[in-house]
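Written below as structure tokens is the structure these notes are about.
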Amino acid sequence: MLLIPCPWCGPRDEAEFRYGGQAHVAYPEDPAALSDEEWARYLFFRDNPKGRFAERWNHTAGCRRWFNVVRDTATNEWVSA
Amino acid sequence: MAERLSPLARFEPVSTDDLRIAEIPFLTQVNLRVDPKSRAAADIGLALGAPLPTEPNTYASADSDVFWLGPDEWLIVGAGARADLEPRLRAAATGAVEAGRVHVGITDVSAQRTALVVGGPKARDLLAHGCALDLHPRTFGPGRCAQTMLARAQVLLAAREGGEFRVFVRSSFAGYLAAWLLDAAVEYLP
Amino acid sequence: MRDFPEHPDWLWSSPQPKRSYDVVIVGGGGHGLATAYYLAKNHGITDVAVLERGWLAGGNMARNTTIIRSNYLWDESAGIYEHALKLWEGLEEDLGYPILFSRRGVLNLAHSLQDVRESVRRVHANRLNGIDAEWLGPEEVKEVCPIVNVSPGVRYPVLGATYQPRAGIAKHDYVAWGYARAAAAMGVHLVENCEVTGIEVTGGRVRAVETAQGRIAAGTVALCAAGHSSVVGAMAGVKLPLQSHPLQALVSELLEPVHPTVVMSNAVHVYVSQAHKGELVMGAGIDAYNSYRQRGAFHIIERQMSAALELFPIFARAHVLRTWGGVVDVSPDASPIVGPTPVENLYVNCGWGTGGFKATPGVGWCYAHTIAHGEPHPLNAPFSLERFTTGALVDEHGAAAVAH
Amino acid sequence: MTSHHRRHRRPGFGGEPLRFRFDGQDYEGLRGDTLASALLANGVRTVATSAALGRPRGIYASWTEEPNAIVQIEHPFPEPMLQATTVELYDGLVATGLTGRGRLSDRPDPARHDAVHAHCDVLVVGAGPAGLAAARAAAGSGARVILADDRPIAGGSLPDTAETVDGVPGAAWASAVAADLAGRPDVRVLSRTSVFGYYDDNYLVAVERRGEWGGQGRARERVWRIRAGRVVLATGAHERPIAFADNDRPGVMLAGAARAYANRYGVLPGRRAVVFTAGDSAYAAARDLASAGVEIAAIVDVRQAPGARWDGAEILSGHVVTGVGGDGAVSSVSVSDGREIQADLLLVSGGWNPVVHLFGQAGGELRYDEGIGSFVPRSARQALEVAGAARGVFSLSGCLEDGAAAGARAAEAAGFRAPPRHPAPRASDDGASDNGASDNGASDNGAPDADEPVAFWLVPSGDYRSHFVDLQRDVTVADVVRATGAGLRSVEHVKRYTTAGTAHDQGKLSGVLTSAIVAHAIGADIAQLGTTTFRAPYMPVSFATLAGRDRGALHDPVRVTSLHDWHVAHGALFENVGQWKRPWYYPRPGEDMEAAVLRECRAVRQSVGAMDASTLGKIDVQGPDAAEFLDRLYTNMMSTLKVGAIRYGVMCRADGMVFDDGTVIRLADDRFLVTTTTGNAAAVLDWMEEWLQTEWPSLRVYCTSVTEHWATVALAGPGSRDVLAGLAPGPAVDAASFPFMTWRDAEVAGIAARVCRISFSGELAYEINVNAWDGLALWEALHATGAVTPYGTETMHVLRAEKGYPIVGQDTDGTVTPADLGMDWVVSKKKAGFIGKRSFARSDTARPDRRHLVGLLPADPDFLLPEGAHLVESSTLPEPPVPTLGHVTSSYRSAALGRTFALALVSGGRERVGERLYVPLGGEPVPVTVTHHVLYDPEGARRDG
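Protein chains in written order, with my numbering: chain A, 385 to 465; chain B, 73 to 262; chain C, 64 to 467; chain D, 2 to 946.
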């Protein structure tokens, strides 16, 4: 049970959150202008590093805010910003 | 015509020296969304008699209880039937909304949740069976509130004076949560 | 109880890696070993090294719940899993190793009307594909597995189940070691403690791998790195649509036989069999977040126990002896990716998520074919990287939420 | 029956006699006994039979590390595979020895189990000398402390010894410290509580054995879920066995365990003993046993020059035990000098292994310590300290000091200022110990530890087939050597080849020994070889304990609407839809499902029916940009919707596949009410928040769930207008004044309501929304008219299917686009963009032969196709695999059509309308005709009544 640092509510149990995967993946400005390959990149391809990973969480059972944190996926340690 | 009915209308309250569990039905509840730094927020605070609490996981009590739910979200709870609460809040915000770019979300959610009081010397022990928050008075004393999980239901939990807690739960989950509380309370009941 | 077959007196040697091979397989798990075996056996390609960063078959091959079945929904999936099942049925003889394939059937339980519809759909699809499949009502479920609680009073009652009689379990170490031993005997080099740290690509073509034991040149490099596929793929500049998650399993003490089959339930999140010696082997849910940590969170185990006792009250006083976790690589449509990459002579086999073990012989067979011929075998052709661009996904999500 | 093996009763253990039965024989023990100590007190030496080889096995250890004495409890409730050494004796206990396998009971387990969350600044695991000292130091700082210990009484192995602290017996000192701690307001002392898992972010789980069998509703076992600021692991050490011939015989016992039976339980495990040791600690054991009345025949010490001295027995230094004799249990001991010594007890001590299991679980790294011949903590990742024997500090005074320092460090790291140190307790150090069963290497003469125990694991021999490494799995040195001979080089491989370490004790005793023998066999360095991975749980935990109270009705929340009690009272059968209970149909006496549903359908098509639709998700969307926001989410245009009007909409995921559908009501220029499917209510709100917060923060919109604020009743059928008019005299309800897809505020039966004219059945219909508190009043008022038939989800499904309306999740499966559903009309061609639009242009998604939603009419109008059946081209099936054309998504018997019909997703289906296809169901494939998916009232004439 990870203890996830919600920037608003403080550290809370993982069970209160929904995982959002890689952070900083913006919705394309103009999807129609993208090739099928570029669109597939947006839809399906996300980083999956072993190590530091900027990721998103949503505090669904709490303040409902989305936020980004950095976690080491090899150790599950939180990396302070 | 039938009476109005609360979600736990058939729940038998518990009242022992160690533990009290009862529904507080028919509270007027309004969900408020607004930028806390806006004039609308200030005006609503004035109308409520106390500024909107901006410290996460706290609540303010004035005319009504105002619970922090998120950085731009509050639950305002008036005792009993207060049909005027939502229009009053809307009226308080109108000036600011009309004047500028601030917008508000004001929604009557009175029947969305019902409230339970969980009190008595064993209240904290009982809640600890299903709530992962640290409810020690050092960290969760009177004036603190939190949206969290209690057993497998989402709740808004608030600490009040005298070691009493108030639990707001979605109406559809109320029966489940009450049954769970009674089951967990077995060891604390005579 | 020592009616249990012994491992042979000789398994494999630990050669020093050569400086160059025709084919280098990255990852010495079940898939890597099976691929090496079929490369040698079916295609006569024996100048092969299987490079393993730890000990052979120590990743997901050592961590799964050994369920073997082929009752998948989509024709593409059914094709490759059924091919695997047919190979399983003759594998003991083929490898000359007692892999303990135990045909005991699998029940996939349905707990809601929606489950029932999806299950019946899968049964009919399976039959068209020549896969044995039946739909059983609750009483028939009870006949197949008397310890399942089919009473209508439980929170999510059993409304029926699909049944594949040819499904079963095997001993995972025996399977891996059988492939390893047979491959080694044909000249394949199995190199342990040989982590791949880089992949050399020049002119759009793979040339060599850098390893903990030095540079090894390779005509072809075939990735079989399961949970670590993204990491290895990145070494060659190949980005894969994968996310790695911990998946847990657990085992009880040895118990007298009570459970004659394999039971899986997506809705209640249970899959369990009683292994050859008597231990209950049970899979738990997947952790939601990306992680390479080979262990999951405890609340998932607690939830698993709650679900297990709903279905099997008799398990109440069994004990959890050991829990563990593997790292599974999950693709967007919960189906694998097997085939060529944009880098010439570099192949990927990944994205098996929670379903890799049962596919072992099938994927080894098809992947070896792909490597040997430079183009996919018809059975793995649908599982290309391109499908994410065209949208021709093989979406086993619904069926594979807990598919093992 | 008074036992001749019972020497005395320890103070603090009561002494109340308890009757028990083992293997069919009645015995008596004392309160405070374990089953093992009680059996030894009764002279029972053979307790179980080995699993693979059928050899007799006795009691080898004294606590959780026991590999041999595995029993089945038969009464009061059957429980398989418990260690006799950890079962606390109680009156009436019935147990049997096992042969490697336990037995599950098919009687329902009456016991209750629960879980509780706990928080502390410092968690101390283990209440031995180091743990007690740590807890005392931490508590003195004002930190909130939890001290968890798995034994019934505090002190770790202090009660196993005769040592003193501050001049009082160690056990008494420990209970005084524990009592003092327990009395402090912010300290919680948990006894009989085994910490068995150490997870990320200092989350530890423990099981407390509370000794109840369901009486008074008390939980028998409780899981503690502990979140700790800082952890002190004071988990002690396990004594290490030595592999020699027949080392598995009853009568072979760890020296520390024998000492524990003598001191803690007042039980003599034998009469005449030989001690076989590689270190000093066994001398203290020998001394204690001698003073308890056991004759020590000899001490066989593998060292040439033992540091310890004792003149109570002959010391055979530089020698080893080569085997034991006896018919079953030990009756003699063979020594390398050729002697055979008569003895019924052989005490073994190969050194001590720090208990590093939790440390390992926490992700800590180990190093091999030559000095103690075992693995000790090197570096930790989590916020923890290790103290005492768990990190190789074995002397009592060392443990006390180490523990106090660790406790103070932990408190300081957690933000508290530790008080000045207590004066260090004076320990007798005559063979001191820590939790678990650890012991020290201090010699009798008080000399410093000049001669540390050597690493000695194996007595060399020409035949290793009875040198046992893992007693429970019957793994011998010969098996390990066979594994390495097969080419294996990794301890993990050897573990799997031999099964060593996989039994009940998970290799607590055999783990390091196996590594050592592998190292020996392949000439490797044990430090390089390492150990196998440490995994939770540290000791076995029952399924029921972990399931806790999440069982039966509490397994998962049951969600109900405000009308639920009425449905129950009126005989509804329910369908589980996610966590919701929805009325499925309302059978009347004598009706089966088919009859009830046909009746309900007829009622709606011919008069009027009412359905509880309260479970539909409802989201209040407010703000100046609400219309723009919904335009981006829905495939169709919402900004053009007029206030007072309603529009049906579909949402796709970015991949273009249908995600949800529902109606959108415009309440004001800047306010909408969105409805979602029952199952997707939370997902849609999350979806909206995700886009608002992460992609479009500039949009001025707020979303609020109001699902349960409203009770929603669908009133459908040609008679619905009259029923509504009768109850709501206010507004005009004629078709012109209250047109389709509009809404009105009205009073219905005196209740403030929002009435929407929408239809999911094709009939004239209204959806009446009231505050959920008034839901029952509305529902009863509707039924009081006498005109209304309640109907459930099954009827709703039939009616909508007749109209070709898809159900998301039934007629879609995550691979279906709006175009596949024949819903091009719901996909805006004008909007610049909406979520999913780009995906429609992908080559596969734009394919003309995708699966389309179509209707099917079986050639036999009475034949009901099974939902999930597939379609093929020809009436004769070729050999498999046969490609499918698609499958039946919905299939019903229609009262209105007077026949059966189905909906199906069929490859290129719209181009196949009129074609004959076949449904193979075994036997002759069933012929069906493809039709348009709207089968009933395709002109929509009925919706206005």
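All residues carry an ideal CB built from backbone N, CA and C; glycine is no exception.
Residue i vs residue j beta-carbon contact at 8 Å
{"i": "Arg-366 (chain C)", "j": "Gly-388 (chain C)", "result": "no"}
{"i": "Val-542 (chain D)", "j": "His-382 (chain C)", "result": "yes"}
{"i": "Ala-243 (chain C)", "j": "Leu-96 (chain C)", "result": "yes"}
{"i": "Ala-330 (chain D)", "j": "Gly-252 (chain D)", "result": "yes"}
{"i": "Val-707 (chain D)", "j": "Gln-184 (chain B)", "result": "yes"}
Interface flag, residue i vs chain A, CB-CB below 8 Å
{"i": "Asn-103 (chain B)", "result": "no"}
{"i": "Leu-141 (chain B)", "result": "yes"}
{"i": "Ala-218 (chain B)", "result": "yes"}
Which residues DSSP lists as bridging residue i, in chain order
{"i": "Leu-267 (chain B)", "result": "Beyond the ends of chain B as shown, which are 73 and 262, falls residue 267 (chain B); an answer cannot be given."}
{"i": "Val-196 (chain D)", "result": "D:Ala-207"}
{"i": "Trp-20 (chain C)", "result": "Given a span of 64 to 467 for chain C in the structure shown, any question on residue 20 (chain C) remains unanswerable."}
{"i": "Asn-442 (chain A)", "result": "A:Arg-402, A:Trp-450"}
{"i": "Cys-217 (chain B)", "result": "B:Ala-230"}
{"i": "Thr-930 (chain D)", "result": "D:Leu-858, D:Arg-917"}
{"i": "Gln-84 (chain D)", "result": "D:Ile-71"}
{"i": "Thr-477 (chain D)", "result": "D:Phe-469"}
Minimum Cβ-Cβ distance from residue i to chain C less than 8 Å
{"i": "Glu-690 (chain D)", "result": "no"}
{"i": "Thr-444 (chain A)", "result": "no"}
{"i": "Glu-386 (chain D)", "result": "no"}
{"i": "Leu-386 (chain A)", "result": "yes"}
{"i": "Arg-430 (chain A)", "result": "yes"}
{"i": "Asp-471 (chain D)", "result": "no"}
{"i": "Phe-437 (chain A)", "result": "yes"}
Chain B within 8 Å of residue i, Cβ atoms only
{"i": "Thr-678 (chain D)", "result": "no"}
{"i": "Arg-402 (chain A)", "result": "no"}
Any C-beta of chain D under 8 Å from that of residue i
{"i": "Val-239 (chain B)", "result": "no"}
{"i": "Asp-206 (chain B)", "result": "yes"}
{"i": "Thr-283 (chain C)", "result": "no"}
{"i": "Trp-392 (chain A)", "result": "no"}
The region 140-151 of chain D touching the region 173-189 of chain D, judged by at least three CB pairs closer than 8 Å: yes
Completely contained alpha helix (DSSP H) runs for the region 511-596 of chain D, where each covers 4 or more residues: 511-523, 527-530, 544-548, 565-570
Runs of beta strand (DSSP E) lying entirely within the region 287-337 of chain C, each at least 3 residues, in chain order: 306-317, 325-328, 333-337
Segments assigned beta strand (DSSP E), at least 3 residues, entirely inside the region 825-869 of chain D: 852-859
Three CB pairs or more closer than 8 Å across the region 302-314 of chain C and the region 393-411 of chain C: yes
Three or more C-beta pairs below 8 Å linking the region 164-173 of chain D and the region 271-283 of chain D: no
contact_flag[the region 715-733 of chain D, the region 684-696 of chain D] where n(CB pairs < 8 Å) is 3 or more: no
The region 52-71 of chain D touching the region 84-104 of chain D, judged by at least three CB pairs closer than 8 Å: yes
Cβ pair count under 8 Å reaching 3, the region 206-221 of chain C against the region 166-173 of chain C: Short answer: they touch.
Stretch-stretch touch, CB-based, cutoff 8 Å, three pairs: the region 754-763 of chain D with the region 795-806 of chain D: yes
contact_flag[the region 189-206 of chain C, the region 929-939 of chain D] where n(CB pairs < 8 Å) is 3 or more: no
Runs of beta strand (DSSP E) lying entirely within the region 585-660 of chain D, each at least 3 residues, in chain order: 610-613, 618-623, 647-653
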